[in-house]
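Novice:
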Amino acid sequence: MALKLNLELDSHPYTIHRLPPTTPASVYLPLLDNQAWYSITKTAEEISLVISHDYPASSNLLPNDEHKVSPSWKCFKVAGPLDFSLVGIMANLSGALAEEKISVFVVSTYDTDYILVKEDKALEAKRVFESIGHSVAVL
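Residues in the sequence shown are numbered from 1 upward in steps of one, following full-length UniProt numbering.
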């Protein structure tokens with residue numbers, strides 16, 4: 001059975017930050033106050049923070065040697081909630097993008113999956129998803 005997914009492309013740009021794992025939460029939590037969607041992942045090696053591109057310039061979150069920033073990402077949301085028994089969703093989506101040499105940054109939640117692509121590849125990614133039978137609404 002072929003997957004037929006509904007995706008939503010968020011029109012807002014996102015920025016991906018890599019912070020040292022010792023960064024106090026008090027440094028980045030104030031940035032989240034007005035965010036409609038964000039992701040924080042902490043491991044022993046890093047903190048990855050995905051936030052809307054329009055975070056306050058007054059923040060004390062300034063890039064340095066240990067704080068890396070990758071701006072200008074667009075986010076596709078797989079309409080959910082998705083059941084945990086579903087198999088191959090991310091393989092289907094990321095595999096199709098890989099064939100077109102489009103790199104991804106993926107975030108998964110309890111309910112669904114998010115695929116971020118660089119802003120200059122967003123329309124091409126939309127075309128790829130539609131070409132394999134998925135629908136994409138631009139928000």
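Idealized CB from N, CA, C, for every residue including glycine. Quick caveat: nothing in here was measured; it's all calculated off a predicted structure.
Tell me whether the beta-carbon of G133 lies closer than 7 angstroms to the beta-carbon of K4.
Specialist: Taking 7 angstroms as the Cβ cut-off, G133 and K4 qualify as a contacting pair.
Novice: Suppose you measure from the CA of W73 to the CA of L139; what does that come to, to the nearest Å?
Specialist: Distance between the alpha carbons of W73 and L139: 15 angstroms.
Novice: Quick check on the DSSP output: the alpha helix (DSSP H) that includes F76 runs from which residue to which?
Specialist: From DSSP, F76 is part of no alpha helix (DSSP H) but of the beta strand (DSSP E) over K68 to V78.
Novice: Could you compute how far the alpha carbon of D10 sits from the alpha carbon of D120?
Specialist: Spanning the two alpha carbons is a distance of roughly 14 angstroms.
Novice: Checking 7 angstroms against the spacing of the C-beta atoms, do P76 and L7 come in under that value?
Specialist: The question names Pro, yet the displayed sequence has Phe at residue 76. For F76 and L7, yes; Cβs fall inside 7 angstroms.
Novice: Going by C-alpha distance, which of V136, F129 and Y14 is nearest P71?
Specialist: Cα-wise, what sits closest to P71 is Y14.
Novice: For A96 and N34, I'd like the C-alpha separation in whole angstroms.
Specialist: Whole-angstrom Cα-Cα distance: 33 angstroms.
Novice: Name the DSSP beta bridge partners of E45, please?
Specialist: Paired residues: none, contrary to the question.
Novice: Leaving out five residues before and five after L19 in sequence, what residues of the same chain have Cβ atoms less than 6 angstroms from its Cβ?
Specialist: Hits under 6 angstroms: I47 and H67.
Novice: Keeping to the same chain, check which residues put their C-beta closer than 6 angstroms to that of V137; ignore five residues upstream and five downstream.
Specialist: Per the sequence shown, residue 137 should be read as Ala rather than Val. Excluding positions up to five away in sequence, the list reads E8.
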